[in-house]
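S.K.:
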């Protein structure tokens, strides 16, 4: 199957689907354990999944499980492992000598320090400077790896020798996660606040998830990925600017069902 | 209080207790919610705690919570964060420029690569070579940090510039963990298989835990830290070599109560 | 302190704060470990907490921990324990004989079966019928408890005898939860979809949380409890009905800061 | 496949395997991500799995996932859900009317209240009394269910009417759990301290697990299920009664490898 091929990410990394358990139908079946009722058509499953997603009924999505094999720089893996619900098996640099594989951004991939948002890199660097900086990264990594090799040759334990290895070096791991928590990971890591390097992995994974659970993915895009949360003050501002009737008409004309329109109106104007 | 002082670990790290919730008495009170019965004496609390620990009744130990502020090298933090039940707030190298603080082992702290156990460093290196290797670590870290500074001066985003920083650089984090999972962390990280550098942190934390929950600590030492698990084959071998009566006598003479001796005998000879 | 008193809930239940670790200042301090910077004024802490809450930076809220002693009917406890991140010690009906304490709703607290929403009770029952049904509940519980007592008198093991006890009987438990997950619990259990009986407990707990972490509670009310999430289709409908300029003016006049207004506009119109 | 059949448990319950992800080979592959090295023979996989199990290297076992459909009495489900790492979808008695299915033990399945251990039922009741008590359980459940039906007929909301239903009524749920946590569940629930009714479910699940991951099951039986943990005092007593040489000879003759024998000796006599 296509999804079991290795998907290249960054200059030397990859994401590969190892295994998956369950699908859209499983999610619907699990939900129907709670609500009663047996097997239904694919179309009814999709409608149920959309309902579950927009009402934050998350437990049926936990019934689907993905396992990936990932190769990523340590600084990406460090962000990744902040998600604590996954199971992980990572290569151990105490046990194995790490390969000479570093994340080497091309000059045009280097970003300037963001001014407005202090944590995000934004905009390209002037190309002459960028080439120089990219080269500096390369030489620094080579020099660190040479030190690592000399330390090992000198008989130093691997667990101590690795201390000179930069966080740009590639690591590998198995990562198993249920769909609910995987979608939460994707929402955070596909966001523009996320560092571009981990976003590249999130995009590769999205392509796989979309094929395995297409109905869930559509519901996720509609109700989570491209959704926005409004505070009480924001809701009040909107309610002052748009009348209930105007919004109702607009939503009906956009094709939403009567019950969906009711849901929306209740969020802004109360019941 | 003494436990709120910063305890130095390694060359530049520390562990500092930020806060604690609960104590031995709380553990006993939580257990008594399950078993019935009100407040008891300190001595009865200690006996109950010993019973809970040796019978793996773990939930009352979850009722006590510790928060620490830790400064440790990234390679130590990486092992630390494999424990997924804790809450963590770590300094972000996307947001802040990291300081020039690297773990620099002294020459006599360098270890050779273990032969029998492939992941553990063991034994000292010859002192002349060790001095040279320690110096090599120092120069490699300095060179990496100089590259980091140049990349920042060149306008590169902090999130990208950090990729050349070695895993030996110090990071800082708040770490909140309940006592049950903290003791599990300590059992694994005080073990001789653990890397000496994280073991140093585990020892500093042990000193704090021992003072906060002395009865729990004694029970942990007796029934977990210095315990050992025997497989079916091992149990059978022991049962062939020692008669029930001989072991019973020995245990009674060592001061164990009748019911404790019964527990032990049942583990080896069945009921 | 007032919050350590037992707060009555339903006819025979209660919620009592046993202990708390941390406060608004701790949350701000934990966030500043990530962002850098030392202690700040209370006003700056509140602004930081509002920022964390509206941007879903959840980990600092995990640094505050609450322990409650709760007495609630089993059917409420069953909904409660679906929240898996808490620590729990519950009375064991294998070990103890349960008391004759049942949830007995007054006639005017009985609700009819919802028509629109199949899981929610709504509206009062006619008072003559209600009195009869309340009495029926009472007699059924008494009869079940009498059977329980006879089974125990007959020598049956408590663990088997309890099988006739209704889920309306009261149980007790210690419940320890961090603030982030506690607020998630409250968002779900204060919602009108939640069963009224567990909502009564959520309200009692809200009163405690509000006093312990007032700034976090205000941010929670504004950005979570009284917020609403809009899907892509809903956002598009709003963007067609309200121009960016109109909304900008309205939000500025309602007193939101320039950067907050930018955040809102980006959610609807993109950057 | 045979394992997808429904396995009857108790008088009206069942366990049915819905899906499984991974097998012994997957566990070995995940471990080899950490240790390096590619695919190996089945025999080498089994040896690696035995090594992982006896050294508590638990993360590779998390890579295998099981989903079950279970029908069990509520009092069993309540014990079951104390295991918080699983994903659950349970039938909702707010949404659905529960069927008239109660756990009805046969007279000869009734147990007396344990004297030594206060929580465990033990020994049979005299058969004349037992028949009477079994009948009493039956009538009490029938009477409770009749009250439930009358409350529903009277128009009471399902969420309130259910409060008279006994915890012996059957519920149904999907339960998804990884192998590591599943084995922990089985160790606790196959133990003689566990209530016989949940033990019956644990035994049904054991039969399934054994077939799906035979090498892991053998390692689990040897190193976990039939193992025992010895405290420091117990280890010292054994070391005084058996000499290192005697034990070494016995273990070698029982067929353990030299390295396994070394492991055992280190547990008792130190290194």
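Chains as they are written, first to last, in the working numbering: chain Z, 25 to 295; chain E, 25 to 295; chain R, 25 to 295; chain L, 25 to 295. Cβ coordinates follow ideal geometry from the N, Cα and C atoms, glycine included.
Going by DSSP, what residue range makes up the alpha helix (DSSP H) through residue 77 (chain E)?
M.R.: Segment 66–78, the alpha helix (DSSP H) holding residue 77 (chain E).
S.K.: Return the Cβ separation of residue 111 (chain E) and residue 83 (chain R) in integer angstroms, given the expectation that the two are a contact with Cβ distance under 8 Å.
M.R.: 6 Å
S.K.: With hydrogens ignored, establish whether the beta-carbon of residue 205 (chain E) is closer than 7 Å to any heavy atom of the ligand SAM.
M.R.: Among the ligands in the structure shown, none appear at all, so the ligand SAM cannot be discussed.
S.K.: By how many angstroms is the C-alpha of residue 207 (chain E) removed from the C-alpha of residue 241 (chain E)?
M.R.: Using only the alpha carbons, I get a separation of about 9 Å.
S.K.: One question on the structure: do residue 103 (chain R) and residue 196 (chain R) come within less than 8 Å of each other, judged by their Cβ atoms?
M.R.: no
S.K.: Leaving aside the five residues before and after residue 293 (chain L) along the sequence, list all residues of the same chain whose C-beta is less than 8 Å from its C-beta, in chain order.
M.R.: Cβ-Cβ distances below 8 Å link residue 293 (chain L) to 263, 268 in the same chain, with the five nearest sequence neighbours on each side left out; the list follows chain order.
S.K.: Jot down the residue ranges of each uninterrupted beta strand (DSSP E) in the segment 79–115 of chain R, minimum 3 residues, whole runs only, in chain order.
M.R.: 89–97, 111–114
S.K.: Residue 246 (chain R) to residue 255 (chain Z), Cα distance in whole Å?
M.R.: 5 Å
S.K.: Pull up the distance between the alpha-carbon of residue 25 (chain E) and that of residue 231 (chain E), whole angstroms please.
M.R.: Per-residue confidence for residue 25 (chain E) stands at a pLDDT of 42, beneath the threshold of 50, marking its modelled position as unreliable; no derived number is given.
S.K.: 8 Å is my cut-off, CB to CB: does residue 288 (chain E) come that close to chain L?
M.R.: yes
S.K.: In the structure shown, what three-state DSSP assignment does residue 171 (chain L) receive?
M.R.: helix
S.K.: Quick check on DSSP: helix, strand or coil for residue 256 (chain R)?
M.R.: Correct three-state label for residue 256 (chain R): helix.
S.K.: What are the boundary residues of the beta strand (DSSP E) that residue 128 (chain R) is part of?
M.R.: Neither: residue 128 (chain R) is in no beta strand (DSSP E) and is coded neither H nor E.
S.K.: How about residue 98 (chain E) and residue 191 (chain E): do their beta carbons lie closer than 8 Å?
M.R.: yes
S.K.: Assuming residue 42 (chain R) is part of the alpha helix (DSSP H), what are its boundary residues?
M.R.: Residue 42 (chain R) -> not in any alpha helix (DSSP H); beta strand (DSSP E) instead, spanning 37–45.
S.K.: Does DSSP put residue 119 (chain R) in a helix, a strand or coil?
M.R.: coil
S.K.: Expressed to the nearest angstrom, what Euclidean distance is found between the alpha-carbon atoms of residue 228 (chain R) and residue 198 (chain R)?
M.R.: 15 Å
S.K.: Give the single residue among E:173, E:129, E:209, E:185 whose Cα lies nearest to the Cα of residue 175 (chain Z).
M.R.: E:129
S.K.: For residue 113 (chain R), decide whether its Cβ has a neighbour in chain L, counting only Cβ atoms nearer than 8 Å.
M.R.: No, residue 113 (chain R) does not count as interfacial toward chain L.
S.K.: Apart from the five residues just before and just after residue 214 (chain Z), which ones in its own chain have a Cβ nearer than 8 Å to its Cβ?
M.R.: 223, 226, 227, 230, 249
S.K.: Could you check which residue in E:79, E:55, E:80, E:81 has the C-alpha nearest to that of residue 69 (chain E)?
M.R.: If we check each option's Cα against that of residue 69 (chain E), E:55 comes out closest.
S.K.: So what does residue 135 (chain Z) bridge to, in DSSP terms?
M.R.: Z:148
S.K.: Nearest CA to the CA of residue 87 (chain E): which residue from R:77, R:184, R:221, R:201?
M.R.: R:201
S.K.: Could you check whether residue 180 (chain L) and residue 333 (chain R) sit closer than 8 Å to each other, using their CB atoms as the reference points?
M.R.: Since the first residue shown for chain R is 25 and the last is 295, residue 333 (chain R) is missing from the structure and cannot be characterised.
S.K.: Could you pull the DSSP bridge partners for residue 200 (chain E) from this structure?
M.R.: E:91, E:111
S.K.: Does DSSP put residue 265 (chain R) in a helix, a strand or coil?
M.R.: helix
S.K.: Check this for me: beta carbons of residue 92 (chain E) and residue 41 (chain E), under 8 Å apart or not?
M.R.: yes
S.K.: Is there a Cβ from chain L that is less than 8 Å from the Cβ of residue 195 (chain Z)?
M.R.: No, its Cβ sits nowhere closer than 8 Å to a Cβ of chain L.
S.K.: If you measure between the beta carbons of residue 161 (chain Z) and residue 167 (chain E), is that distance less than 8 Å?
M.R.: It is not a contact, given that the beta carbons lie outside the stated cut-off.
S.K.: Distance, Cα to Cα, residue 170 (chain R) vs residue 163 (chain L)?
M.R.: Cα to Cα, the separation comes out at about 12 Å.
S.K.: Kindly say whether residue 202 (chain E), judged by its beta-carbon, lies nearer than 8 Å to any beta-carbon of chain R.
M.R.: Chain R, which has a Cβ nearer than 8 Å to the Cβ of residue 202 (chain E), makes this yes.
S.K.: Can you find the residues in the same chain that come closer than 6 Å, C-beta to C-beta, to residue 28 (chain R), ignoring five residues on each side of it along the sequence?
M.R.: 41
S.K.: Spell out the partners DSSP gives residue 194 (chain L) in its beta bridges.
M.R.: L:97
S.K.: Within 10 Å of its beta-carbon, does residue 185 (chain R) have 16 or more other beta-carbons around it, so buried, or fewer, so exposed?
M.R.: buried
S.K.: Spatial neighbours of residue 147 (chain R) within its chain, please: CB distance less than 6 Å, with the 5 preceding and 5 following residues excluded, ordered by chain position.
M.R.: 136
S.K.: Please check if any C-beta of chain R sits within less than 8 Å of the C-beta of residue 86 (chain L).
M.R.: no
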